[in-house]
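Chains as they are written, first to last, in our numbering: chain A, 1 to 235; chain B, 1 to 292.
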C-alpha cells in the first residue's frame with residue numbers, strides 16, 4: 001500500500017463549545033480524487049481551515065508526506081505543497097489576473113510570468129491577463145483562483161465548492177482540468193454540494209455530519225448508506 | 001477685509017501648495033500602507049518623522065553630512081526602527097479590535113516624544129542649509145521647499161514603482177486586499193507586515209530629513225504630521241494608495257489658499273474643518289476607499 005500523502009488523525013476543532021470538527025481521521029493516497037460532503041455546517045470548511053493552518057486545531061495530528069504540519073503557519077503549509085481555493089471566491093480584486101498568479105511565487109520572476117501566462121491560457125483567460133481580477137466575471141474569477149493554486153505546483157489541492165455559480169461549459173472545463181491534474185499525479189480533495197459532480201469525479205467520498213465522519217467509500221456505496229441518507233434528509 | 005489678491009499671489013500659493021503637497025503625500029503614503037495592510041492607524045507615524053529629523057540633524061552636526069545626502073541613511077535607520085517596533089509591539093495588535101491598536105500606537109507615540117525630550121532636550125534645533133529662494137518672474141521658490149518637493153516626488157514615485165512592479169510590492173498589495181488568502185497562497189504575512197512597517201517608517205523618516213531643513217527640530221514636531229497624514233488618507237480614501245497623492249496635494253493647496261484669506265491661527269484650523277467636512281460628506285474619501 002502506498003504511503004498516504006495526507007493523513008489526518010483524530011482532528012478536532014470547536015468554536016465556543018460546539019464541535020465543528022470532531023475526531024475526524026482520514027487518509028488521502030497520492031494521485032486520486034476525493035470528495036468531502038455533508039450537510040451545511042457539518043465541518044467541511046473548518047476541516048480545510050485546519051489542514052491549511054488558517055485555524056488552529058484543538059486536538060489531533062495532520063501529516064503531509066509523513067511530516068507533521070499541524071501547528072505550522074499557513075504560508076509554511078502552502079509552501080510544502082498544499083494549495084486551496086475558497087468557497088466564496090477570493091481573488092485579489094485590485095491586482096490583475098496575471099499579478100494574482102505572480103504574487104504567490106518565489107524564485108525567478110521571468111520563469112513565474114511564463115508559467116502564469118501558460119496557466120491563464122490553459123483556462124482560456126489569455127486575453128484578460130492585464131484585467132483587474134475584480135472586473136472579471138464570477139466564473140472567470142473562479143478560474144483565476146484555481147490556476148493561482150496551480151502556480152506553486154502543489155501535490156495536494158483542496159477545492160471548496162469549485163462548481164458553485166459556474167456555468168455548465170466552464171464547469172466541464174474545470175472538471176476536465178481536475179482529471180488531468182489527477183493524471184499528472186496530483187491529489188485532489190473537493191468539497192461539493194453538486195452530487196452529480198461528486199459522483200462523477202471522485203473515487204472515494206468522505207461524509208461529515210455534525211463534525212463527525214459518518215461514512216467513507218466509493219460514491220455508489222455512499223449514496224446507498226443509510227446514515228448518509230439520514231444525515232441529509234432526516235429520519 | 002481689504003486685501004487685494006493679485007494673480008501673482010494666487011500663483012504663489014498654488015505653487016507653494018503643490019510643493020508642500022508632495023511632502024504630505026509621501027509621508028501620508030506611509031500611514032496609508034500600514035493602514036491598508038494591517039488595518040492599524042499608526043499614531044506614532046509623526047513621531048517617527050520627528051526621529052528622522054533628529055537623525056538628519058545629528059548626522060549634520062556630528063559628521064557635517066549634507067542633509068540631503070543623509071536622506072537614504074535616515075530612511076535606513078527608520079526602516080530598522082519601524083521593523084523593530086512591528087516585531088516587538090505592533091504585531092500583537094494586528095488582529096485586535098481597532099481600539100487596541102490605536103491605544104498601542106498612541107502609547108508608542110507618547111513614549112517616542114518623551115524619550116526624545118529626555119535624550120535631545122526640548123531645545124529648538126535647526127539645520128542652516130539651502131536657505132534663500134529662487135525667483136522666477138513674480139514667483140519665489142524657497143530652495144529647501146523646492147528640493148523637498150523634488151525628493152518627496154521622486155521617493156513617492158519609487159515607492160509606487162516598488163508596489164506596482166516588484167513581487168514584494170505585489171505581495172504587500174495582495175496582503176492588504178486579503179490577508180487570509182495571501183497566507184494560504186504561501187505569502188509570509190508576518191514578514192510582509194515587518195517590511196510594510198519598515199517602509200512606512202522610512203517614508204516618515206525621509207519626510208523628517210526633508211523638513212529638518214525647513215522648520216525647527218524639536219520633540220513635539222511630529223504629532224501634527226500624524227494628523228495631517230491621517231487627513232490626507234481620509235481625503236484620498238483610506239486604503240487607496242494613489243488617493244494619498246491626490247489628498248496630499250489637495251491639503252497643501254487648501255492650506256496655502258486659506259492662508260491668503262485667513263489669519264495664521266485660523267488657517268491652522270482649516271485642515272481640521274476639512275477633515276470634519278470630508279467625513280460628513282464623503283466618508284470613503286474622494287477616490288473611494290478599498291473595494292473589498
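Think of the CB as a built atom: it goes at the ideal place given N, C-alpha and C, for glycine as much as any other residue.
None of these values were measured; they are calculated from a predicted model.
Return the CA-CA distance between residue i and residue j, expressed in angstroms with no decimal places.
| i | j | result |
| --- | --- | --- |
| residue 11 (chain A) | residue 60 (chain A) | 4 Å |
| residue 147 (chain A) | residue 183 (chain B) | 16 Å |
| residue 276 (chain B) | residue 231 (chain A) | 56 Å |
| residue 6 (chain A) | residue 68 (chain A) | 10 Å |
| residue 86 (chain A) | residue 136 (chain A) | 17 Å |
| residue 26 (chain B) | residue 194 (chain B) | 19 Å |
| residue 294 (chain B) | residue 200 (chain B) | With chain B running from 1 to 292 in the structure shown, residue 294 (chain B) is simply not present. |
| residue 237 (chain B) | residue 198 (chain A) | 44 Å |
| residue 226 (chain A) | residue 41 (chain A) | 20 Å |
| residue 14 (chain A) | residue 20 (chain A) | 5 Å |
| residue 123 (chain A) | residue 4 (chain A) | 30 Å |
| residue 80 (chain A) | residue 154 (chain A) | 8 Å |
| residue 202 (chain B) | residue 76 (chain B) | 7 Å |
| residue 97 (chain B) | residue 234 (chain A) | 41 Å |
| residue 245 (chain B) | residue 253 (chain B) | 12 Å |
| residue 160 (chain B) | residue 196 (chain A) | 48 Å |
| residue 215 (chain A) | residue 187 (chain A) | 20 Å |
| residue 156 (chain A) | residue 25 (chain A) | 17 Å |
| residue 57 (chain A) | residue 211 (chain A) | 13 Å |
| residue 266 (chain B) | residue 251 (chain B) | 15 Å |
Looking at C-alpha atoms only, which residue of the options is the closest neighbour of residue i?
| i | options | result |
| --- | --- | --- |
| residue 28 (chain B) | B:44, B:15, B:14 | B:44 |
| residue 173 (chain B) | B:4, B:24, B:35 | B:35 |
| residue 93 (chain A) | A:111, A:70, A:131, A:62 | A:131 |
| residue 225 (chain B) | B:206, B:242, B:99 | B:206 |
| residue 179 (chain B) | B:19, B:38, B:6 | B:38 |
| residue 170 (chain A) | A:98, A:144, A:129 | A:144 |
| residue 157 (chain B) | B:23, B:12, B:11 | B:23 |
| residue 125 (chain A) | A:97, A:152, A:213, A:219 | A:97 |
| residue 5 (chain B) | B:266, B:267, B:280, B:260 | B:260 |
| residue 36 (chain A) | A:70, A:229, A:193 | A:193 |
| residue 229 (chain B) | B:30, B:19, B:162, B:92 | B:30 |
| residue 2 (chain A) | A:65, A:49, A:22 | A:65 |
| residue 113 (chain A) | B:132, B:111, B:165 | B:165 |
Anything in chain B within Cβ reach of residue i, meaning under 7 Å, just list it in chain order.
| i | result |
| --- | --- |
| residue 90 (chain A) | 178, 181 |
| residue 99 (chain A) | 170 |
| residue 75 (chain A) | 183, 186, 187, 188, 189 |
| residue 78 (chain A) | 184, 185, 186 |
| residue 152 (chain A) | 186 |
Name, please, each residue of chain B whose Cβ falls closer than 8 Å to the Cβ of residue i.
| i | result |
| --- | --- |
| residue 109 (chain A) | 167 |
| residue 218 (chain A) | Within 8 Å Cβ-Cβ: nothing; residue 218 (chain A) doesn't reach chain B, min ~30 Å. |
| residue 148 (chain A) | 185 |
| residue 115 (chain A) | Going along chain B, no residue has its Cβ under 8 Å from residue 115 (chain A), so there is no contact; the nearest lies around 14 Å. |
Identify the contact partners of residue i in chain A, using a Cβ-Cβ distance below 7 Å as the criterion.
| i | result |
| --- | --- |
| residue 174 (chain B) | 92, 95, 103 |
| residue 171 (chain B) | 103 |
Give every residue of the same chain whose Cβ lies closer than 8 Å to the Cβ of residue i, excluding the five residues on either side of it in the sequence, and list them in chain order.
| i | result |
| --- | --- |
| residue 15 (chain B) | 139, 141 |
| residue 171 (chain B) | 182, 187, 192 |
| residue 142 (chain A) | 85, 89, 162, 165, 166, 170, 174 |
| residue 113 (chain B) | 47, 50, 219, 220, 222, 223 |
Only counting the same chain, and skipping five residues up and downstream in sequence, which positions put a Cβ closer than 7 Å to that of residue i?
| i | result |
| --- | --- |
| residue 89 (chain B) | 104, 108 |
| residue 53 (chain A) | 72, 73, 74, 77 |
| residue 175 (chain B) | 37, 182, 187, 189, 192 |
| residue 147 (chain B) | 68, 130 |
| residue 291 (chain B) | Because residue 291 (chain B) carries a pLDDT of 41, less than 50, the predicted location of this residue cannot be relied on, and no value is offered for it. |
| residue 33 (chain A) | 178, 182, 188, 201, 202, 203 |
| residue 219 (chain A) | 198, 199, 202, 205 |
| residue 234 (chain B) | 275, 278, 279, 285 |
CB residue i to CB residue j, shorter than 7 Å?
| i | j | result |
| --- | --- | --- |
| residue 213 (chain B) | residue 130 (chain B) | yes |
| residue 201 (chain A) | residue 175 (chain A) | yes |
| residue 247 (chain B) | residue 232 (chain B) | yes |
| residue 32 (chain B) | residue 272 (chain B) | no |
| residue 116 (chain B) | residue 219 (chain B) | yes |
| residue 49 (chain B) | residue 169 (chain B) | no |
| residue 139 (chain A) | residue 166 (chain A) | yes |
| residue 151 (chain A) | residue 104 (chain A) | yes |
| residue 293 (chain B) | residue 109 (chain A) | Outside the shown range of chain B (1 to 292) lies residue 293 (chain B), about which nothing can therefore be said. |
| residue 191 (chain A) | residue 44 (chain A) | yes |
Against residue i, what residues of chain B qualify as contacts under a CB-to-CB distance less than 9 Å, listed in chain order?
| i | result |
| --- | --- |
| residue 52 (chain A) | 183, 184 |
| residue 86 (chain A) | 180, 181, 184 |
Take residue i and list the residues in its own chain whose beta-carbon comes closer than 6 Å to its own, dropping the five residues that flank it on each side.
| i | result |
| --- | --- |
| residue 74 (chain B) | 52, 55, 56, 205, 209 |
| residue 217 (chain B) | 53, 57, 125 |
| residue 40 (chain B) | 34, 101 |
| residue 65 (chain B) | 59 |
| residue 256 (chain B) | 13, 16, 17 |
Please find out if some non-hydrogen atom of the ligand MN comes closer than 6 Å to the beta-carbon of residue i.
| i | result |
| --- | --- |
| residue 189 (chain A) | For the structure depicted, the ligand MN is absent and the ligand set is empty, with no information on it obtainable. |
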